[in-house]
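Undergrad: At position 21 of the sequence shown (counting the first as 1) the number is 22 in my numbering, and the numbers step up by one without a gap.
We put the CB at the ideal spot given by N, CA and C, even for glycine.
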Amino acid sequence: TTTMKADDDMTDLTDDFSGSRSDGIRDGAHPQKGGTSLLRQILQAMNPAVCLAPCGNPLADEDEAIDYDATVIPIIKELKSAKTRTLALQKLFKLTDKESQQHRVPVVCSASFNVIEALLRCIAPDAPANDRRQALLILNNLCIPHENKRHLLLGEARDPLLTRILLIFERRLAEAHIAAACLYNLSFLEETKTMLISYQPQGINRTESIRSSYSFQSPTSQESSLLRIVEDMVVYFSPYMSKSYQKKISTVEGATIRWAMALMRNLVTVHENAAIVASTTKFPALASQYLQESTRNMELWTIDSLEDSSLLFLLMLIQSGDDSVKAIDTQELRAALQKVSKLPGIHGVRASVILERLDEVAEKENNWAEVLAEARGTTVNKAAAMMQLAASKDEFSEAEFDGRSGLASF
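1) Mind the definition here: the region 167-175 touches the region 191-199 only if three or more C-beta pairs lie below 8 angstroms; say whether that holds.
2) Note down, in chain order, each residue of its chain lying with its Cβ closer than 8 angstroms to the Cβ of residue 237, except the 5 sequence neighbours on either side.
3) Looking at residue 292 and residue 326, is the spacing between their C-beta atoms short of 8 angstroms?
4) In chain order, what residues of the same chain have a beta carbon less than 7 angstroms from the beta carbon of residue 226, not counting five sequence neighbours either side?
5) Where do the ends of the alpha helix (DSSP H) carrying residue 81 lie?
6) If you follow the alpha helix (DSSP H) that residue 335 is part of, which residue opens it and which one closes it?
7) Report buried or exposed for residue 289, applying the criterion of at least 16 other Cβ atoms within 10 angstroms of its Cβ.
8) Report the three-state DSSP secondary structure of residue 252 (helix, strand or coil).
9) Count the other CB atoms, across all protein chains shown, that sit within 10 Å of the CB of residue 156; report buried if there are 16 or more and exposed otherwise.
10) Helix, strand or coil for residue 1? Go by DSSP, reduced to three states.
11) In terms of alpha-carbon separation, which member of 264, 256, 285 lies closest to residue 178?
12) Which residue's Cα is closest to the Cα of residue 182: 131, 261, 254, 72?
13) For residue 86 versus residue 145, is the C-beta spacing smaller than 8 angstroms?
14) In angstroms with no decimal places, state the Cα-to-Cα distance between residue 167 and residue 231.
15) Report all residues from its chain with a CB closer than 7 angstroms to the CB of residue 263; omit the five preceding and five following residues, and keep chain order.
16) Measure from the alpha carbon of residue 298 to the alpha carbon of each residue in 341, 329, 271, then state which is nearest.
17) Between residue 278 and residue 318, is the Cβ-Cβ spacing less than 8 angstroms?
18) Distance, Cα to Cα, residue 192 vs residue 336?
19) Indicate whether residue 101 and residue 69 have their beta-carbon atoms separated by less than 8 angstroms.
The structure is reproduced here in structure tokens:
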């Protein structure tokens, strides 16, 4: 297992929705030089025309205003050369890091240059590992603004970008955790969640490795879809997650799983996606496994932690319909939820809510089975009744209730 050191340069690995604030004095409220009295300064600052005036971009500093064409175009040219690429990546990272957030949208959405195309060459599987890592860190920062999400997922950059990210997953490269964080940040764009879960990358053909254990369902009927590639990677890395819990260490594989589960948590907020994931993937079982095996203290179950994302992921699944609830209801899941439900705070509450929903659907199934047995005038045991219920699901959906007997007429 590769131990992952604390990445101080991996800034903004969560989607940034925090509002901006102004730390400076607004224009017009600065103390006047010369013999201006204090009273005059106070009255001037209280002037509604000054107080209500827009303060502009609080992150922008007039002294730091730059000409993007003159700054970025030379960097892009340097990215094309192996000799100057590393230094150029450092310049671009500095230009778009957390302290320079105001530059992220102009750098991506400019009509004068294409910085994403230049970065994609640096994250190719055959690129130097250090350059690939630095380029992915830059890309992750650029995926945070909403405007950039739209530009990247709804524009021409979508196919080459998603394909390169999925190639990193497919080849299990050491930078997979940063690539997963990039995809996670992009997944906040609501109108692209259905597209993402069924996306078929270009140039990745995995049809020969299709496993018979999969139950495929449209639109994720191919092994090479984004959903299947991410699932396969998480399954492959899961043993490393178990070891990291036991040894209480952080690993690259564990970080990859963390961001992949956060990605899935975002995608299943769409009910149709949740139904597919619940009934055709191993993610529910994996989420249950991570909750059961976790040995971390509760204070570490923070937003976007693996435990928090796994629990929210399951919470989203149970809201997508009874079929999803029945698909994920296993003894292993119930055992994991029972463990978490005893914990204090919001996590215990969420686990209890999921358990109640599982019990509710299970009880409903039992009641329908009894109704079916009685309506047909048979005395069958519960197991047989459940089998009949499953076989006659369409019949139930078309049945009408007889008001005299209170039973369904078939």
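TA: Reading from the atomic positions:
1) No: fewer than three Cβ pairs fall under 8 angstroms.
2) Cβ-Cβ distances below 8 angstroms link residue 237 to 173 in the same chain, with the five nearest sequence neighbours on each side left out; the list follows chain order.
3) No. Outside cutoff.
4) Cβ within range, chain order: 199, 200, 201.
5) Taken as a continuous stretch (DSSP letters only), residue 81 belongs to no alpha helix (DSSP H), as it is neither H nor E.
6) Boundaries of the alpha helix (DSSP H) harbouring residue 335: 332-342, taken from the DSSP string.
7) Here residue 289 is buried, its C-beta having at least 16 other C-beta atoms within 10 Å.
8) Of the three classes helix, strand and coil, the one that applies to residue 252 here is strand, per DSSP.
9) Result: exposed.
10) For residue 1 there is no data in the structure shown, the boundaries of the chain being 2 and 411.
11) Nearest Cα to residue 178 within the set 264, 256, 285: 256.
12) Of the candidates 131, 261, 254, 72, the one whose C-alpha sits nearest the C-alpha of residue 182 is 261.
13) Not closer than 8 angstroms, so no.
14) Note on geometry: alpha-carbon atoms of residue 167 and residue 231 lie some 8 angstroms from one another.
15) Within the same chain, residue 263 has close Cβ partners 185, 305, 310.
16) The shortest Cα separation from residue 298 among 341, 329, 271 belongs to 341.
17) With respect to the 8 angstroms criterion, residue 278 and residue 318 are classified as neighbours on the basis of their beta carbons.
18) Distance between the alpha carbons of residue 192 and residue 336 is about 36 angstroms.
19) Contact flag unset, no.
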